[in-house]
Each structure stands twice: as structure tokens, then as C-alpha cells.
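Going by the working numbering, 54 is the number at position 28 of the sequence shown; the sequence numbering is gapless.
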Amino acid sequence: MNRLLLPLLAALALPTAVNAESYWLIIVKKGKVGALEKIEMPNIKACESEGEKWRAINKMGRDYSCIIGK
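Below, the structure written as C-alpha cells:
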């Protein structure tokens, strides 16, 4: 039991590095009744790539933005 207690306490006491950034694709529908949709993305490059796909099919008055959250 004592052999497990010391490593457990050390693991809990040591700080861990965490990447708290998150990337979000925000899709906005323009018109009389505005709408907003957010989709979490794995990285900024994927967000911009998906946003450009939305822009290419912009037949319904939609636009996008990529934001970084914490």
C-alpha cells in the first residue's frame, strides 16, 4: 500500500501542462432571422478549411469566422 501511495501523491501534487485552447468555427446565417452555429474544431487550419467550404457554397447567405477560445 505504501508503495502506491507515494507515486499517487506525487502525481497529484505535480503541475501538469494542459493546452486549454479550443478552436471554433462560427457559422452565421444572414437575413431577417439571423442564426448562429458553432462547431469545435481540432486546430485553426481545419477551422479555416471548413470555413472556406462554407464560403464556397454560400448560396444561403452564410458566412463564417474562426475563433480561439480558452
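For every residue, glycine included, the Cβ atom is placed at its ideal position computed from N, Cα and C. Computed from a predicted model, the values in this text were never measured in an experiment.
- Following the DSSP letters along the chain, one finds residue 77 inside the alpha helix (DSSP H) bounded by residues 70 to 82.
- The beta carbon of residue 63 sits closer than 6 Å to the beta carbons of 53 from its chain, once the five residues preceding and following it are set aside; these are given in chain order.
- When beta bridges are read from the DSSP output, residue 60 appears opposite no residue.
- As computed with DSSP, residue 55 is found in a beta bridge with 61, 88.
- Here the alpha carbons of residue 50 and residue 69 stand approximately 9 Å from one another.
- DSSP, read as helix, strand or coil, puts residue 47 in coil.
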